[in-house]
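> Numbering-wise (this note's numbering), the sequence shown opens with residue 84 and increments by one.
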Amino acid sequence: MIGKRILVFAIIAAFFTAYIPTQKASASMIVVTTTADDLDAAGSCELVDIVDLPGSDEVVSLREAICAANNNPGEDAINFAIPGSGVRTIRPGTALPEITDDDTTIDGYTQPGAYPASSSSKAIVLIELDCSLITTYNCINISSAHNRISGLVINGAGWYGIAIGYPSATYNQVSGNYI
């Protein structure tokens, strides 16, 4: 009799355990702290890990942030905290790394003082990507799924401000940008 009760208890416990909602892992946060277009962390994009940031210059560039996000499986949030006031202009010297890892968010609205539009106010966008030095390519390229890009001004690219390509680039969201 005791054996049957233990078996019934084990089945009930297994049933409830299977239906307890699991907490989603939180995204790794990478904070861009400079308008410079350097890649001093780890020397090459394929080797940049989140733990390498910041590099020897003690700041994190957008290029380094994208590299680290690509090399870090799972969700990544690229936020901004570039010192100074007004619009911060990032001027990449060459094409930015393609976003190849799923679930990467680049959110310009995280820059202090920026915020999205609401029913009562216009958006304040303080991160500009001036891609005028990239004359024969896109400014941002996405080849993976479930990425989000918001709160940026993107201009001057030789081709497109944001290009989403490849069959694997599904369910991407581009919103609240001036392109």
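The beta carbon of each residue, even a glycine, is placed where N, CA and C say it ideally should be.
Taking all protein chains shown into account, decide if residue 218 is buried (16 or more other Cβ within 10 angstroms of its Cβ) or exposed.
That one is exposed.
> May I ask you to list the residues that DSSP assigns as paired with residue 216?
The partner list for residue 216 (beta bridge, DSSP) is empty, contrary to what the question assumes.
> Look at the Cβ atom of residue 212, then the Cβ atom of residue 197, and state whether they are nearer than 8 Å.
Against a cut-off of 8 Å, the Cβ pair of residue 197 and residue 212 comes out as no contact.
> Give a yes or no on whether the C-beta atoms belonging to residue 114 and residue 162 are separated by under 8 Å.
Yes, these two residues count as a Cβ contact at 8 Å.
> Leaving out five residues before and five after residue 222 in sequence, what residues of the same chain have Cβ atoms less than 6 Å from its Cβ?
Only 212, 214, 237, 240 and 244 meet the Cβ criterion.
> For the beta strand (DSSP E) that contains residue 178, what are its first and last residues?
Neither: residue 178 is in no beta strand (DSSP E) and is coded neither H nor E.
> Under 8 Å by Cβ, that's how I've got residue 147 and residue 157 pegged, so tell me the actual separation to the nearest angstrom.
Contact flag wrong, Cβ pair sits at about 18 Å.
> Please classify residue 188 as buried or exposed, where buried requires at least 16 neighbouring CB atoms within 10 angstroms.
Flag for residue 188 reads buried.
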